[in-house]
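Start counting at 1 in the sequence shown, then tack on 16, and there's your number in the numbering used here.
In what follows, a structure is listed as structure tokens, so that the remarks can point back to it.
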Amino acid sequence: MSLIKKLKDLEYKKAISMHVPGHKNNTIGNLSDVISPDYDLTEIPGLDDLHDPFEVLNDLNIYLGKKNGSYYAQAMVNGTTNGIICSIYAFSETVSHFYIVGQAHKSVYHAVSLVNGTSTLISADELSEVSLENSCVIFTSPSYSGTLIKNIEEKIEFIRQHNGFTIVDAAHGAHLSITKNFPDSLLLSNADVVIESYHKMLPALTMASVLFTRNEDFHHRIMHYINQFETSSPSYLVLASIEYAQEFYNTYDDRLFFGNRRILMNHLKVCGISVQKQDDPAKFILNGSNGPYALERSFREAEIYSEMVTDEGVLWCLPLWHVGDRYLFDELLERLSNLKESSIEDKGNIDVGILEGKVCIENIVPYPPGVPLVLKGDVISTSHLKRIQHYQVNHVKIEGIDYNINYYMKRAEL
Numbered sequence: 017m018s019l020i021k022k023l024k025d026l027e028y029k030k031a032i033s034m035h036v037p038g039h040k041n042n043t044i045g046n047l048s049d050v051i052s053p054d055y056d057l058t059e060i061p062g063l064d065d066l067h068d069p070f071e072v073l074n075d076l077n078i079y080l081g082k083k084n085g086s087y088y089a090q091a092m093v094n095g096t097t098n099g100i101i102c103s104i105y106a107f108s109e110t111v112s113h114f115y116i117v118g119q120a121h122k123s124v125y126h127a128v129s130l131v132n133g134t135s136t137l138i139s140a141d142e143l144s145e146v147s148l149e150n151s152c153v154i155f156t157s158p159s160y161s162g163t164l165i166k167n168i169e170e171k172i173e174f175i176r177q178h179n180g181f182t183i184v185d186a187a188h189g190a191h192l193s194i195t196k197n198f199p200d201s202l203l204l205s206n207a208d209v210v211i212e213s214y215h216k217m218l219p220a221l222t223m224a225s226v227l228f229t230r231n232e233d234f235h236h237r238i239m240h241y242i243n244q245f246e247t248s249s250p251s252y253l254v255l256a257s258i259e260y261a262q263e264f265y266n267t268y269d270d271r272l273f274f275g276n277r278r279i280l281m282n283h284l285k286v287c288g289i290s291v292q293k294q295d296d297p298a299k300f301i302l303n304g305s306n307g308p309y310a311l312e313r314s315f316r317e318a319e320i321y322s323e324m325v326t327d328e329g330v331l332w333c334l335p336l337w338h339v340g341d342r343y344l345f346d347e348l349l350e351r352l353s354n355l356k357e358s359s360i361e362d363k364g365n366i367d368v369g370i371l372e373g374k375v376c377i378e379n380i381v382p383y384p385p386g387v388p389l390v391l392k393g394d395v396i397s398t399s400h401l402k403r404i405q406h407y408q409v410n411h412v413k414i415e416g417i418d419y420n421i422n423y424y425m426k427r428a429e430l
């Protein structure tokens with residue numbers, strides 16, 4: 017099937033989005049009012065230069081910086097992945113070690129590897145037990161599923177007092193502080209660098225991201241690498257969607273959101289689906305009597321598409337409902353009422369036994385969420401293989417597994 021046909025097929029079936037991006041199939045916000053192929057332009061006079069902005073794109077960055085007046089802002093079209101990699105490159109010029117707190121995205125590990133840096137995976141509570149002098153600590157908050165690191169601003173201040181630097185991957189937190197009923201934005205953490213994916217929960221096009229830096233020196237150092245790694249043909253549609261998403265953020269009224277959220281939560285429970293709330297009120301983790309993988313399949317068969325499924329449950333990213341939205345809320349409730357039980361179909365899986373005790377030569381990454389299970393250079397253990405087989409049975413995509421197997425099969429044939 018062609019990509020265009022597949023996209024049209026999803027539209028025809030009225031697929032319901034409980035995943036990113038935040039415009040939810042163009043039903044949240046009014047992106048189509050400001051996004052048109054007519055605006056897909058290049059850097060003609062008056063449209064500025066994203067990599068050296070001093071006109072309209074500089075005005076956009078100033079506007080974005082007002083989200084928190086203590087940060088410089090830079091709109092990006094290559095996603096938060098680009099911001100993470102460029103930030104780590106910039107800090108690698110001076111820091112001697114990276115500390116990675118919690119479950120970091122694969123881009124963090126990619127960047128540390130690319131700069132030939134050394135890193136240690138630790139918990140936030142262990143920061144007081146290590147030498148932070150001339151180090152960079154990389155936090156992920158909120159997590160993919162909406163969990164926030166507690167008292168992160170205190171931890172960041174502690175790191176600063178010990179001459180360390182901080183990066184916060186806040187890809188999933190661009191909507192925080194949108195009203196007083198949401199948790200605080202990570203821009204209040206006073207980290208040296210905060211990167212937010214505007215497309216995750218706000219109505220913006222995929223790859224829309226903003227880099228926030230605490231001072232001019234950090235800003236210029238990171239921009240040096242953004243100019244090298246980011247596309248030299250930026251999408252003005254993505255940039256315009258960032259501006260629109262910020263306007264949406266600035267004027268958002270959450271009354272309909274919390275009303276619909278309450279209705280949905282009660283309806284799910286009536287349908288026999290358990291709801292686990294997260295720190296982020298826009299995230300639910302759901303479970304059913306046959307387990308999360310069967311539940312996700314049931315949703316999919318009803319054309320309800322989730323963000324992710326893990327052993328913990330099915331992750332839903334709730335829409336930021338608002339007056340005048342076009343989200344199929346009543347249709348969602350009806351489909352849930354008529355949900356049919358499903359089971360996981362048997363699927364032939366690749367035999368991974370050949371990998372036991374072998375050195376991983378390419379990161380093995382369940383995706384989503386994109387958090388590495390086995391890092392390049394680590395020994396693949398029996399425990400790792402059990403996790404991989406579990407993911408295979410439950411149809412979770414695993415990046416890197418075929419590459420590792422093919423590598424060792426070819427060596428065995430020599």
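C-beta atoms are modelled at their ideal positions from N, C-alpha and C, and glycine is treated no differently.
8 Å contact criterion, which residue i and residue j should meet: CB distance rounded
i    : j    : result
H121 : T156 : 7 Å
L57  : L66  : That belief does not hold up - the Cβ atoms of L57 and L66 are roughly 12 Å apart, past 8 Å.
N41  : S33  : 5 Å
I279 : L311 : Contact doesn't hold; Cβ gap of about 20 Å is too wide.
P382 : Y407 : 5 Å
I242 : C102 : 5 Å
Residue i - DSSP class collapsed to helix/strand/coil
i    : result
K402 : helix
D56  : coil
L227 : strand
N354 : coil
I414 : strand
G329 : strand
T339 : In the sequence on display, residue 339 carries Val and not Thr. Three-state DSSP puts V339 in coil, outside helix and strand.
M17  : coil
V395 : strand
V409 : helix
I421 : helix
Y309 : helix
I380 : strand
I32  : strand
I320 : strand
Beta-carbon proximity check, residue i vs residue j, cutoff 8 Å
i    : j    : result
S314 : S358 : yes
A220 : Y260 : yes
Y88  : E232 : yes
E149 : G180 : yes
R403 : L391 : no
I380 : G416 : yes
I168 : V153 : no
F114 : V93  : no
Residue i versus the options, residue with shortest Cα-Cα distance
i    : options                   : result
S205 : Q262, S161, R316 and N84  : N84
L143 : N132, V128 and G118       : G118
T182 : V131, I60, Q90 and E170   : E170
G304 : G329, L80 and I242        : G329
E50  : H215, N197, I258 and S151 : Looking at the sequence shown, residue 50 is not Glu but Val. Checked all of H215, N197, I258 and S151; the closest Cα to V50 is I258.
E347 : I154, H283, L137 and S399 : H283
S161 : H235, D208 and A298       : A298
H191 : F107, H39, T229 and S135  : H39
G99  : V209, L302 and I165       : V209
V111 : L23, S147 and D367        : S147
F300 : G307, N306, V291 and P308 : V291
E27  : E319, K285, S18 and N410  : E319
H235 : N276, C376, I138 and Y105 : Y105
Closer than 7 Å: residue i CB and nearest the ligand SAM heavy atom
i    : result
E173 : Although the ligand SAM was asked about, the structure shown includes no ligands whatsoever.
Ranges of the beta strand (DSSP E) found wholly within the region 58 to 141, counting only runs of at least 3: With a minimum length of 3 residues, the continuous beta strand (DSSP E) runs that stay inside the region 58 to 141 are 88 to 92, 113 to 117 and 135 to 138.
Any chance you could list the beta strand (DSSP E) runs of at least 3 consecutive residues sitting entirely within the region 233 to 307, in chain order? Scanning the region 233 to 307 from its first residue to its last, the whole beta strand (DSSP E) runs of 3-plus residues come out as 290 to 293 and 299 to 303.
To test your reading of the DSSP string, which unbroken alpha helix (DSSP H) runs of 4 or more residues are found completely within the region 146 to 198? DSSP runs (the alpha helix (DSSP H)) wholly in the region 146 to 198: 168 to 177.
Could you pull out every unbroken beta strand (DSSP E) segment of at least 3 residues lying fully inside the region 197 to 222, listed in chain order? Fully enclosed beta strand (DSSP E) runs of 3 or longer: 209 to 213.
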